[in-house]
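Worksheet: one structure, shown below.
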Amino acid sequence: MTATAAQPLLVAAFGLLGLLTSPLAELLIARSLPRLGGLPSPRIRITTAVVTAVLFGFLTLRFGFAPALPAYLLLAVMAVQLSRVDVAHHLLPNPLILLLLAAGIVLLFMSAVLAPDWSALLRAAAGGVILFLGYLILGLISPGGLGMGDVKLAAPLGMYLGYLGWSQVFYGGLLSFVVGGVMTVLVLRLKRGIKPSEVAHGPAMFAAAIGVVLLIA
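With UniProt numbering, letter number 96 in the sequence shown gets 96, and the count goes up by one each step, no holes.
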């Protein structure tokens, strides 16, 4: 079977993996962080599973069997789960951000060893620092616009973007505010009586980062 012919099977297999990984992630989060109120509703669990499966499929198309694929699959899982938590609780829990960062370091290090591509690993570290500092400055200037959870989340996202290139760091950081602005307008139109500062920014950061990962080679 040729690589081209096997590609749909590969995408389907990883999509199924995403479908199974999502409920497992929710179970682990519910057990480790009971303050979040346990498992979400069945409707939300089905939605997160489908979104995770779709992201797994697209990321498989993007990376194939490249050593970096596991790191970006982890990013997809955590993006969906942290977005869910942020929308429901306006909170980005430190343990989940730390997991995304620590596991990302390990997986990207392994990718750099197998590739090998040490410059990408150094760029990932620099990208994490740069995006974190940029968000920190904006958070201090406008504390009502960005929460400290958003600032902390910028570090692992900058790392994942930096591993791929400087263009990804630039566009990922810039587009997060564009996507955030669009999402804020939509939420304000759908839900009257809330303030712009009450709209979760984490989902926009993840949407921009994963969009850049998928679309900018």
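Where a beta carbon is used, it is the ideal one built from N, C-alpha and C, also for glycine.
Practice task
Assign methionine 1 to one of three DSSP states: helix, strand, or coil.
Solution key: Confidence at methionine 1 is low in this model, with a pLDDT of 37, below 50, so its placement is unreliable and no value can be given for it.
Practice task
Specify the secondary structure class of serine 32 as computed by DSSP and reduced to three states.
Solution key: Serine 32 falls in the helix class under three-state DSSP.
Exercise for the section: Determine the direct distance from the alpha carbon of arginine 43 to that of leucine 74, and round the result to whole angstroms. Expected result: Straight-line spacing of the CA atoms in leucine 74 and arginine 43 works out to 23 Å.
Problem - For valine 169, the first and last residue of its enclosing alpha helix (DSSP H) - result: Note, valine 169: alpha helix (DSSP H), 166-190.
Problem - alanine 3 to phenylalanine 56 span [Cα, whole Å] - result: Bear in mind that the predicted position of alanine 3 carries a pLDDT of just 44, short of 50, making it too unreliable to give a figure here.
Handout entry: Cβ-Cβ distance between tyrosine 160 and arginine 123 below 8 Å
Key = Result no, Cβ atoms of tyrosine 160 and arginine 123 do not sit closer than 8 Å.
Practice task
Pull up the CB-CB distance for valine 169 and tyrosine 72, whole angstroms please, since I reckon it's below 8 Å.
Solution key: Their Cβ separation, rounded to whole angstroms, is 15 Å, which puts valine 169 and tyrosine 72 out of contact at 8 Å.
Exercise for the section: Decide if valine 151 is buried, meaning its Cβ has at least 16 other Cβ atoms within 10 Å, or exposed. Expected result: The residue in question, valine 151, is buried, as its Cβ has 16 or more Cβ neighbours within 10 Å.
Problem - Which of helix, strand or coil DSSP assigns to residue 251 - result: The first residue shown for the chain is 1 and the last is 217, placing residue 251 beyond what the model contains.
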